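S.K.: Under my numbering, the final residue of the sequence shown carries the number 1410; numbering is consecutive throughout.
All C-beta atoms in this analysis are idealised placements derived from N, C-alpha and C, irrespective of residue type, glycine included.
The structure displayed is predicted, hence computed values, not measured ones.
The structure that follows is given in the form of structure tokens.
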Amino acid sequence: MDEWRRLQPRKAGPYKVVGKPLPKVDAYSTVTGRAIYADDIILPRMLYGGLLRSPHPHARIISINTRKARELPGVLAVITGEDLPRKYGILPSSQDETALAVDKVRYVGDPVAAVAAVDPDTLEQALRLIEVEYEVLPALMSIEEALARPDIKIHEEARNGNIHKAVSYEFGDVEAGFAAADYVREDWFYYEGNNHVPIETHACVARWEPDPHDPVGGKLTLWSSTQTPHYVHREVSKVLGIPPSHLRVIAPHVGCGFGGKSDPFSHEICACELARRTGRPVKITCTREEVFLIHRGRHPVKMWIKTGVKRDGTITAMHFRSFLDGGAYGSYGVATTYYTGALQPVTYALPAYKFEGMRVFTNKPPCGPKRGHGTPQPRFAVEVHLDKIAADLGIDPIELRKRNLVRPYSRTINGLRITSCALEECLDQVVARSGWREFHAARLAREAEATRQSSPVRHGMGLALSTYICGAGKPIYWNDMPHSAVQIRLDRGGGVTVYCGATDIGQGSTSVLAYIVAEELGIEPERIHLETADTTLTPVDLGSYSSRVTFMAGNAAIQAARRLKELLHSVAAERLLLPPDRLESSDGFIYCIDDPQVALSFEQAVQLAEARYGALVAAGSYAPPEDIHGDFKGAGVGPSPAYSYSACVALVGVDIETGEVKVEKLWLAHDVGQAINPLLVAGQVEGSAYMGYGEALMEQQIFRKGRHKIPSILDYKIPTTLDTPEIETILVGQPDEEGPFGGKEAGQGPLLPVIPAIANAIYNAVGIRIDEVPITPDKVLRALKAARSEPGERPLPPPRVTPIVLNERWPARLIRWSPEQREPRPDPTNGHHQHPRQGESAPHGAASTSSRLPQKGGTA
């Protein structure tokens, strides 16, 4: 830690490069089409590969006959599940996939065979010639069906029916917290699953280089559109039985990922095996339909939340349950389950908190991480739930949130360490910039004007807050090694080459590394060459996920650059006859602080240092501190070296005749610490707002008779440029003392408050609550109709979200834990915690209140 503290920035600015709105280092090649993506790669003698996929959501494989396909001229190899029997998975606890189905298929699209042929037409014909005999099994297509039919097991290895993971934790005295509350409310919410829809589909090229003198027989190179080259390297090595030293994984330019390219995929493994068998390069490019079929997108989640508050809105306790539809395989699902509950106390200072989460297998494509991994669903539930409580108590929703905000440099009830936090400033900024108070003060006049003009459109404003991590506190495979490493090499001509294993998926991570190294060495970013995402050339980086690259790779780059800077300053001081501490680097020179005319050029200093020390290469690495989380089981999911914070206000117009919702403007304030490049940060915030808007109103991955209903961009609704509302980005916050030059994440956190802000704005406009997303016109019309038929001052029609009733006790060991204790202790009931049966919780998501009702405010 002393070494780390020594390497922290010595100045808070002004900077020469950091904080400036510079273009991306790869901007020109990207916008002119010169960038090379995986599908652009064409190698001599290359074959085309493809996968035969199951037409059934659940079926036992009786037989596979590949004879006709093998005999087709132009087909060089056909493989089935028997050829690749080793199981794999991104998480060590969920090794439940095979590259090709061995015994049965578990979703429409599950691969059963792979072919390599000389051209795409021959490939397509060969795939049609493969004969597969299936025994069709009952398909479980929802959380309720998976729980109701434990006798139909999707995975025989599952210990309890179709439950993949179940967790249960209690922090603080929840029972006492609810007893101390003046008002208690509970609600059900539902968040539909959706897809990443990256502009580039999944693609890879594999090349086997035979070597008769090598005991292994040769070496394998895989170019793949992946966010995680390190983990793909690990899983391909295991499944194919190739030593890691004989495998090289390279991520070329990646045309967006949003989390969808974080898993190792069957097409990558099959391409490698086909290349090894044929001795020729093999390319597999997924169609857009296949991208929808293999999915790995947002989990559908049902949530139940119960919160107790004092009369002034101060939270006394919260109980949160999540039920995740995980699809057919594990993917990141164990982590996702924890994420649905881990971060609630990082936004609001909960004195007592209970979380129960359950992920079930279904016969749908496996779900995984999507932008915000596991947190948009609970954030939607919590923020709408708190808005309901504010309305019930007659409290300004801003004031209710302010009374419960988490504070900087504190510990949450579940043991997470918080450093910098500008959440209150984010809230103040969006409230002021949006004219929130003026808008609500003019509500009656606005409604009267709409009535006078006979306009069917009603306007409303809603707000929401959120938080997100700056990289996961623990690696997927727990170990003591760095999470990120960077190497920097200086050449005597003044060139600088930066090597890092992180993948740039469009977010600008390679540009951020260039800015950081340029700032530290005092040179222009244009001098810097970048080699990234190559498991042979670059040091290990765990991947582009969990908003980790800027914080973790950035800190590693600072460490490497400062080690080189010390060498350069030592030789420059000797040449200039000055002490090293009187030197500074800037604009391509090392100069005297007191007299800038006394200077050496960067090139001169490099040449002097190389003459003294030899080749100039330095490495830096980063791993999060060890004291950022508690000791309870599951504490490895949720902790982060820092957290970003966001606030959003949405202005919507709701047409009461058609049910159409138009988002007219979004105000988004984001606590990014120090913006390494405010132009890129604003781009990330606006991209998050765009994606959140789509999820709130239109995106949904839905199924009919076991099949994906709309597996194409023609039918799957996402916002166009014309749909996208005006977005006002507000960057706030102070530099985080542990971030690179004070920086924090900006790629995922700003998405989270957008969805509930829109939902709350709809309520403000027309007085209805839609407790599920997407909020489509038909749902709005049904709710409006129900509201008109319900008597009462503030009608709240029952949402369409229905409770989940379990016939068995919650199958998890309940842990009670408080920050004061270092070791978890078992609950005296030995985990025999009962999920409420029907009748014990409010039906259809209606609020349930305690006997201590407020004296005034709306009814529940």
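Tell me the DSSP bridge mates of lysine 1215?
M.R.: In DSSP, lysine 1215 forms a bridge with Leu1201 and Glu1276.
S.K.: Should threonine 969 and glutamate 632 be called a contact, given that it needs their Cβ atoms to be closer than 8 Å?
M.R.: Taking 8 Å as the Cβ cut-off, threonine 969 and glutamate 632 do not qualify as a contacting pair.
S.K.: Might you give, ordered along the chain, the residues of its own chain that have their beta carbon closer than 8 Å to the beta carbon of valine 652, omitting 5 neighbours on each side?
M.R.: Contacts found: Ile611, Gly631, Glu632 and Pro635.
S.K.: Are the CB atoms of lysine 914 and tyrosine 657 nearer to each other than 8 Å?
M.R.: In this structure, tyrosine 657 lies closer than 8 Å to lysine 914 by Cβ.
S.K.: Which whole runs of the beta strand (DSSP E) in the region 1063 to 1147 are 3 residues long or more, in chain order?
M.R.: Runs found: 1078 to 1082, 1133 to 1136 and 1139 to 1142.
S.K.: Have a look at Pro901, Thr925 and Arg838 and flag the residue whose alpha-carbon is nearest the alpha-carbon of histidine 953.
M.R.: What sits at residue 953 in the sequence shown is arginine, not histidine. The option with the nearest alpha carbon to arginine 953 is Pro901.
S.K.: Looking only at its chain, what residues have a beta carbon closer than 7 Å to the beta carbon of glycine 1407, apart from the 5 residues adjacent to it on each side?
M.R.: Here the model assigns glycine 1407 a pLDDT of 30, short of 50, so the residue's position is not dependable and the matter cannot be decided.
S.K.: By the three-class DSSP mapping on this structure, what secondary structure does glutamine 1388 have?
M.R.: Bear in mind that the predicted position of glutamine 1388 carries a pLDDT of just 30, short of 50, making it unreliable; the figure below should be weighed with that in mind. Correct three-state label for glutamine 1388: strand.
S.K.: Look at the alpha carbon of proline 1303 and the alpha carbon of alanine 663, and state the distance between them as a whole number of angstroms.
M.R.: For proline 1303 and alanine 663, the distance between alpha carbons rounds to 43 Å.
S.K.: So for valine 910, helix, strand or coil by DSSP?
M.R.: Reduced to three states, the DSSP call for valine 910 is strand.
S.K.: What number of angstroms, rounded off, separates the C-alpha of isoleucine 1078 from the C-alpha of glycine 1045?
M.R.: Approximately 6 Å, taken between the alpha carbons.
S.K.: Please name the residue, chosen from Gly727, Asn1314, Trp738 and His817, that lies closest to threonine 751 on a Cα-to-Cα basis.
M.R.: When only C-alpha atoms are compared, the closest one is His817.
S.K.: Which ranges would you report for the beta strand (DSSP E) in the region 827 to 905 if only whole runs of at least 3 residues count?
M.R.: For the region 827 to 905, whole beta strand (DSSP E) runs of length 3 or above, ordered along the chain, are 832 to 835, 851 to 859 and 865 to 875.
S.K.: Express the C-alpha separation of leucine 843 and aspartate 1327 in angstroms, rounding to a whole number.
M.R.: Per the sequence presented here, residue 1327 reads as proline, with aspartate not at that position. Each residue's Cα considered, the two are about 27 Å apart.
S.K.: Take the Cβ of methionine 691 as the centre, count every other Cβ of all protein chains shown within 10 Å, and call the residue buried at 16 or more, exposed below.
M.R.: Buried, because 16 or more other Cβ atoms sit within 10 Å of the Cβ of methionine 691.
S.K.: Could you tell me the distance, in whole angstroms, from the CA atom of arginine 987 to the CA atom of alanine 1106?
M.R.: Straight-line Cα distance between these residues: approximately 45 Å.
S.K.: Select from Gly727, Met1011, Phe905 and Val1007 the residue whose C-alpha is nearest the C-alpha of valine 980.
M.R.: The option with the nearest alpha carbon to valine 980 is Met1011.
S.K.: State the Cα-Cα distance for the pair glutamate 1116 and glutamine 1154, rounded to the nearest angstrom.
M.R.: Each residue's alpha carbon lies about 15 Å from the other.
S.K.: Over what stretch of residues does the alpha helix (DSSP H) that includes cysteine 971 continue unbroken?
M.R.: Taken as a continuous stretch (DSSP letters only), cysteine 971 belongs to no alpha helix (DSSP H), as it is neither H nor E.
S.K.: Taking the beta carbon of valine 884 as the centre, do at least 16 other beta carbons fall within 10 Å, making it buried, or is it exposed?
M.R.: Counting Cβ neighbours within 10 Å, valine 884 comes out buried, since at least 16 surround it.
S.K.: So, under 8 Å CB-CB, serine 1188 and tyrosine 889 are touching, yes? Tell me the CB distance rounded to an integer number of Å.
M.R.: A small correction: the amino acid at residue 1188 is glycine; serine does not occupy that position in the sequence shown. At roughly 7 Å, the Cβ-Cβ gap stays under 8 Å, so glycine 1188 and tyrosine 889 are in contact.
S.K.: Per DSSP, tryptophan 758 is paired with what?
M.R.: Looking at the DSSP assignment, tryptophan 758 forms a beta bridge with Leu770.
S.K.: Cutting at 8 Å between CB atoms, please list the residues of its own chain near threonine 912, excluding the five before and the five after it.
M.R.: Cβ neighbours of threonine 912 beyond the five flanking positions: Leu690, Met691, Ser692, Ile693, Glu695, Ala696, Ile704, Asn712, Asp875, Gly876, Gly877 and Ala878.
S.K.: Distance, Cα to Cα, valine 527 vs phenylalanine 1291?
M.R.: What is shown of the chain runs 551 to 1410, which leaves residue 527 out entirely.
S.K.: Note down, in chain order, each residue of its chain lying with its Cβ closer than 6 Å to the Cβ of glycine 907, except the 5 sequence neighbours on either side.
M.R.: Result list for glycine 907: Val717, Ser872, Thr887, Thr890 and Gly891, in chain order.
S.K.: Under a three-way DSSP split, which group does leucine 1241 fall into?
M.R.: Correcting the residue type first, residue 1241 is methionine in the shown sequence and not leucine. If DSSP states are grouped into helix, strand and coil, methionine 1241 belongs with the helices.
S.K.: Could you please give me the residues that DSSP links to aspartate 1221 through a beta bridge?
M.R.: Paired residues: Tyr1195 and Val1282.
S.K.: How big is the Cα-Cα spacing for valine 686 and leucine 1092?
M.R.: Whole-angstrom Cα-Cα distance: 40 Å.
S.K.: For glycine 1012, write down the residues that DSSP places opposite it in a beta bridge.
M.R.: Beta-bridge pairing links glycine 1012 to Ala1200.
S.K.: Does the beta-carbon of lysine 1255 have 16 or more other beta-carbons within 10 angstroms, so that it is buried, or is it exposed?
M.R.: Classification for lysine 1255: exposed.
S.K.: Return the first residue and the last residue of the beta strand (DSSP E) that glycine 599 is part of.
M.R.: Counting along the chain, the beta strand (DSSP E) containing glycine 599 begins and ends at 597 to 603.
S.K.: Under three-state DSSP, which class holds glycine 569?
M.R.: If DSSP states are grouped into helix, strand and coil, glycine 569 belongs with coil.
S.K.: Between histidine 783 and the rest of its own chain, which residues show a CB-CB distance below 7 Å, the 5 nearest in sequence each way excluded?
M.R.: Around histidine 783: Pro794, Leu797, Val799 and Thr1085.
S.K.: Going by Cα to Cα distance, which pick from Glu1276, Ala1296 and Leu641 is closest to glycine 918?
M.R.: Answer by Cα proximity: Leu641.
S.K.: Starting from arginine 1002, trace the beta strand (DSSP E) both ways and give me its first and last residue.
M.R.: It is not in any beta strand (DSSP E) - arginine 1002 instead sits in the alpha helix (DSSP H) that spans 993 to 1002.
S.K.: Return the CA-CA distance between threonine 1082 and alanine 1337, expressed in angstroms with no decimal places.
M.R.: In a straight line, the C-alpha of threonine 1082 is about 56 Å away from that of alanine 1337.
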